[in-house]
Amino acid sequence: MKLKSLLLAGAFAALMSGTALAQVSVKIGVLNDRSGLYADLSGEGSVIAARMAVEDFKAADKGIKVEIISADHQNKPDVGSTIARQWYDQDGVDVIMDVPTSSVALAVNQITREKNKVFINSGAAASDLTGAACSPNTIHWTYDTYALAQGTGGAMVKAGGDSWFFLTADYAFGHALERDTAAIVTKNGGKVVGAVKTPFPGTDFSSFLLQAQSSKAKVIGLANAGGDTINSIKQAGEFGIVAGGQKLAGLLVFITDVNALGLQTAQGLVLTESFYWDTNDQTRTWSDRFAKLNNGKKPSMVQAGVYSGLLHYLKAVEATKSKDSATVMAKMKELPTDDPLFGKGSVRVDGRKMHDMYLFEVKKPSESKGPWDYYKQIAVLPAEQAFKPLSESTCPLVKK
Amino acid sequence: MFELLGIPPQALFGQVLLGLINGSFYAMLSLGLAVIFGLLNIINFTHGAQYMMGAFVAWMALNYLGLNYWAALVVSPLVVGATGIVIERFLLKRIAHLDHLYGLLLTFGLALIIQGLFRNSYGSSGLPYQIPPQLAGGHNLGFMFLPNYRGWVVIASLVVCLATWFMIEKTKLGAYLRAATENPTLTQAFGINVPLLVTLTYGFGVALAALAGVLAAPIYSVNPNMGSDLIIVVFAVVVIGGMGSILGSIITGFSLGLVEGLTKVFYPEASATVIFIIMVLVLLVKPAGLFGRTA
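Chains as they are written, first to last, in the numbering used here: chain A, 4 to 403; chain B, 5 to 299.
Next up, the structure:
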């Protein structure tokens with residue numbers, strides 16, 4: 004009798020723990036720049052954001068075991084590809100996240116498709132990720148060159164900047180950004196009078212700025228990012244370009260860049276981002292928590308995107324109780340997205356995450372109340388307007 | 005109006021001038037390298053990190069101590085030079101008798117450590133540093149707008165380069181230095197403190213890098229990688245000029261800045277590689293560099 008009840012209890016316990024242990028364990032690889040010019044806007048901060056997502060989702064309580072690993076791709080496509088292959092083939096990684104630097108992102112996009120895993124990109128800009136190079140295994144989360152062009156490009160043309168000269172970082176990202184912005188400029192009745200491709204990464208842009216100056220274009224479009232943007236804005240100030248009546252359009256400026264430039268140099272710059280820490284109470288609370296873990300530095304939109312993307316992935320894993328790539332991807336596209344940082348949104352069939360974008364202007368030093376108080380919001384771009392409509396898509400996944 | 009290869013002459017003058025300005029950074033950095041290599045036989049891969057430290061010390065002096073740009077021009081080279089002296093005394097001295105390769109590895113490792121430390125403390129995207137108010141603004145030269153600060157950089161760099169050349173080639177101290185390079189044992193036998201000379205020379209070379217760093221702070225992004233972006237080019241400049249040749253590194257620095265500047269006009273995509281193409285060509289024809297002595 005005693006033995007029987009013991010056995011029964013044992014069997015019951017086994018059954019119970021069996022359901023609780025019906026665990027899915029997922030391995031997340033955060034692959035980004037940890038030492039170079041994009042390390043501040045992605046880097047360790049993105050890993051912190053990923054950990055926060057796991058914590059806030061209470062993954063362990065829901066029977067999902069999450070392991071996060073990270074690596075430095077050094078902004079080199081060959082280095083990034085090698086790590087991605089090793090992660091997928093040997094280390095059992097299910098999802099690669101972040102991956103700034105479009106050339107590396109496009110390579111990882113291809114490998115993820117080959118290995119049938121999941122790639123949630125937050126850091127890279129090239130709109131090709133959901134265009135010609137789109138993949139059933141990739142979601143492009145935070146922003147893209149099309150949205151940047153719509154935001155900053157569109158606003159500058161409307162404000163009378165109808166002739167453009169581009170300073171373009173000479174790699175996939177710069178080319179995509181120039182292409183998308185030039186399209187917006189011409190569509191709105193402006194014209195592109197010239198462009199120069201600058202070696203990446205660069206230090207001295209004065210020669211290129213001088214070419215832009217003599218082109219007499221009303222707007223100088225900076226189709227570059229990170230240190231390149233910082234150097235070009237700094238040197239444009241020095242050569243009196245803005246004082247001479249030409250306007251600078253920083254097509255991709257992150258909050259970390261503004262921090263590095265200082266408000267004295269950056270004031271008045273118009274830029275497009277999908278996230279700013281000081282937007283509402285939810286973003287402020289989250290950003291304060293983040294800053295405490297990140298040496299007091301506020302999150303960039305890329306880091307916020309890693310948080311939001313991983314949260315959505317975990318929701319899909321919970322809903323499907325599976326980590327099969329096709330199942331989870333289908334669920335992610337089916338479930339609406341909702342999180343404290345980007346609000347409500349969705350993931351489109353081509354892998355484009357849809358949310359509003361914001362047009363900001365950098366404050367004057369006198370308007371700023373302290374460190375990281377940098378932006379004034381000047382417009383909201385609804386998601387449908389910010390991202391390329393499916394009707395114009397070149398992505399083969401979109402049925403027409 | 006006549007045009008040269010599709011570029012109006014006005015624009016061309018502007019670009020030539022810009023090339024000279026960038027060349028002045030190459031010249032100052034390669035000069036420091038040449039001095040160190042010439043007298044210590046050390047290939048100082050820490051040079052880029054020391055240039056970066058120069059800029060950061062200027063930033064620290066301003067933000068922590070309230071010292072302005074002009075004070076930083078003096079303080080920063082002294083501070084960074086002092087760290088150089090410590091490195092020479094405790095590390096480089098111990099491997100002085102070994103093959104070049106050991107010095108190269110040691111200084112390269114040091115550079116990585118220093119960059120890593122700064123990255124941990126200050127992040128990778130950099131720090132703001134304004135142009136000093138006395139040098140803000142610029143002059144319209146007719147063919148281009150020349151910022152006052154760039155003009156100052158060229159003049160400062162030329163003065164420092166020529167003064168260094170004069171000191172090493174024309175003064176008694178320089179004569180001791182050159183003697184110590186040729187034959188340290190014999191020089192010491194004449195009662196000259198050769199180890200001290202060597203230490204001070206390394207400190208001086210490092211101080212030159214730091215000075216270039218302070219000059220660069222207001223116009224380039226002040227970040228932990230600023231030196232590593234530049235150092236490879238500077239090494240190419242030194243190799244083209246001839247390892248250890250003082251005058252060679254100055255002339256090559258300025259002229260390669262010029263060549264690079266012109267490439268930025270005619271074929272911008274190649275401007276990052278043109279210096280290395282020249283390096284290959286020079287090494288094929290003159291393996292010791294343009295001004296180098298064949299051993």
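Virtual Cβ for every residue (Gly too), placed ideally from N, Cα, C.
Between residue i and residue j, how many whole angstroms is the CB-CB distance? I'm expecting something under 8 Å.
i: B:V218; j: B:S34; result: So it is not a contact: roughly 17 Å between Cβ atoms.
i: A:D36; j: A:P103; result: 6 Å
i: A:V256; j: A:T282; result: Not quite, the Cβ-Cβ distance comes to about 17 Å (not below 8 Å), so this is no contact.
i: A:L251; j: A:I236; result: 6 Å
i: A:M332; j: A:N140; result: 7 Å
i: B:G142; j: B:N227; result: That belief does not hold up - the Cβ atoms of B:G142 and B:N227 are roughly 25 Å apart, past 8 Å.
i: B:S161; j: B:M32; result: 5 Å
Beta-carbon within less than 7 Å of residue i's beta-carbon, same chain only, minus the 5 sequence neighbours each way: which residues are those?
i: A:G39; result: Q77, N78
i: B:A221; result: A59, A62, W63, Y133
Output the distance between the C-alpha atoms of residue i and residue j, rounded to the nearest integer angstrom.
i: B:Y106; j: B:R98; result: 10 Å
i: A:R355; j: B:G88; result: 52 Å
i: A:A307; j: A:K190; result: 32 Å
i: A:S290; j: A:Q89; result: 33 Å
i: A:K347; j: A:D359; result: 9 Å
i: B:V286; j: B:G70; result: 47 Å
i: A:M304; j: A:F278; result: 5 Å
i: A:L109; j: A:A136; result: 8 Å
i: B:G293; j: B:A38; result: 12 Å
i: A:V111; j: A:L313; result: 17 Å
i: A:G32; j: A:N119; result: 15 Å
i: A:S73; j: A:V96; result: 11 Å
i: B:G3; j: B:L116; result: Residue 3 of chain B falls outside the range modelled here, since chain B spans only 5 to 299, and no answer is possible.
i: A:D43; j: B:S128; result: 6 Å
i: B:L181; j: B:V198; result: 8 Å
i: A:L344; j: A:V350; result: 16 Å
i: A:F390; j: A:A128; result: 12 Å
i: A:S106; j: B:V83; result: 41 Å
i: B:V90; j: B:L96; result: 9 Å
i: A:N298; j: A:A62; result: 26 Å
i: A:I244; j: A:Q216; result: 7 Å
i: A:V383; j: A:H315; result: 23 Å
i: A:T330; j: A:P339; result: 16 Å
i: A:L24; j: A:K300; result: Caution applies to A:L24, whose pLDDT of 47 falls short of 50 and renders its modelled position unreliable; the value that the coordinates give is listed next. Each residue's Cα considered, the two are about 38 Å apart.
i: A:L266; j: A:Q238; result: 15 Å
i: B:F147; j: A:V121; result: 55 Å
i: A:P368; j: A:N262; result: 12 Å
i: A:G66; j: A:M357; result: 29 Å
i: A:D147; j: A:G248; result: 29 Å
i: B:E273; j: B:G296; result: 30 Å
Which same chain residues end up closer than 6 Å to residue i when comparing Cβ atoms and leaving out the 5 residues on each side of it in sequence?
i: A:V309; result: S49, A52, A53, M100, D101, S125
i: B:T111; result: N48, F49, T50
i: B:S232; result: G52
i: A:A185; result: V195
i: B:P136; result: Y73
i: A:W375; result: K301
i: A:S166; result: K194, V196, A220, K221
i: B:V237; result: I279
i: B:I196; result: Y180
i: A:G230; result: L40, P204
i: A:G240; result: T268
Suppose the cutoff is 8 Å on Cβ atoms and the five residues either side in sequence are ignored; what does the same chain contact list for residue i look like?
i: B:L66; result: N72, Y73, A76, Y133
i: A:D94; result: K30, G32, I72
i: A:I114; result: S84, A87, R88, Y91
If you measure beta-carbon to beta-carbon, which residues of the segment 143-158 of chain B are closer than 7 Å to chain A? Taking 7 Å as the Cβ-Cβ cut-off against chain A, the residues of the segment 143-158 of chain B that qualify are M148, F149, P151, Y153.
Decide if the segment 188-198 of chain A is in contact with the segment 265-278 of chain B; the criterion is three or more beta carbon pairs, one per stretch, under 8 Å apart. The answer is no - the segment 265-278 of chain B does not touch the segment 188-198 of chain A, with fewer than three Cβ pairs under 8 Å.
For the structure I just gave you, are there three or more beta carbon pairs, one from the segment 155-175 of chain A and one from the segment 393-401 of chain A, closer than 8 Å? Flag = no, the segment 155-175 of chain A and the segment 393-401 of chain A do not touch.
Whether or not the segment 41-52 of chain B and the segment 204-223 of chain B are in contact is what I'm after, with contact meaning three or more pairs of Cβ atoms, one per stretch, closer than 8 Å; do they touch? Because the criterion of three Cβ pairs below 8 Å is met, the segment 204-223 of chain B and the segment 41-52 of chain B touch.
According to a CB-to-CB cut-off of less than 7 Å, which residues of the segment 112-129 of chain B neighbour chain A? Hits within the stretch, in order: R123, G127, S128, S129.
Taking contact to mean 3 or more Cβ pairs, one atom from each stretch, closer than 8 Å, check whether the segment 312-332 of chain A and the segment 363-375 of chain A are in contact. Note that the segment 312-332 of chain A does not touch the segment 363-375 of chain A; fewer than 3 beta-carbon pairs, one per stretch, sit closer than 8 Å.
Determine, using beta-carbon pairs with one atom in the segment 200-213 of chain A and one in the segment 120-134 of chain A, whether at least three such pairs fall under 8 Å. Touching, no, given that fewer than three Cβ pairs across the two stretches are closer than 8 Å.
Between the segment 198-219 of chain A and chain B, which residues of the former have a C-beta closer than 8 Å to a C-beta of the latter? Listed in sequence order: V199, K200, T201, P202, P204, G205, T206, D207, S209, S210, F211, L213, Q214, Q216, S217.
Which residues of the segment 247-267 of chain A have a Cβ closer than 9 Å to any Cβ of chain B? Give them in chain order. Against chain B - using a Cβ distance shorter than 9 Å - the residues of the segment 247-267 of chain A are G247, F257, T259, D260, N262, A263, L264, G265, L266, Q267.
Relative to chain B, which residues along the segment 235-247 of chain A have a C-beta separation below 7 Å, given in chain order? Residues of the segment 235-247 of chain A with a C-beta atom less than 7 Å from some C-beta of chain B are K237, Q238, E241, F242, G243, listed in chain order.
Listed from N- to C-terminal order along the chain, which residues in the segment 24-40 of chain A have their beta-carbon within a distance smaller than 7 Å of any beta-carbon of chain B? Residues of the segment 24-40 of chain A with a C-beta less than 7 Å from any C-beta of chain B: S38, G39, L40, listed in chain order.
Report yes or no: do three or more beta-carbon pairs, one from the segment 200-219 of chain A and one from the segment 169-180 of chain A, lie closer than 8 Å? By the criterion of at least three beta-carbon pairs nearer than 8 Å, the segment 200-219 of chain A is in contact with the segment 169-180 of chain A.
Residues, ordered as in the chain, of the segment 43-64 of chain A that lie near chain B by beta-carbon distance below 9 Å: Going along the segment 43-64 of chain A in chain order, one finds D43, L44, G46 with a Cβ nearer than 9 Å to chain B.
Name the residues in the segment 285-300 of chain A whose C-beta lies less than 9 Å from a C-beta of chain B; which are they? If the cut-off is 9 Å between Cβ atoms, the segment 285-300 of chain A has N298, K300 near chain B.
Members of the segment 268-299 of chain B near chain A, C-beta cut-off 9 Å: For the segment 268-299 of chain B, residues whose beta-carbon sits nearer than 9 Å to a beta-carbon of chain A comprise K268, V269, P272, E273, A274, S275, A276, T277.
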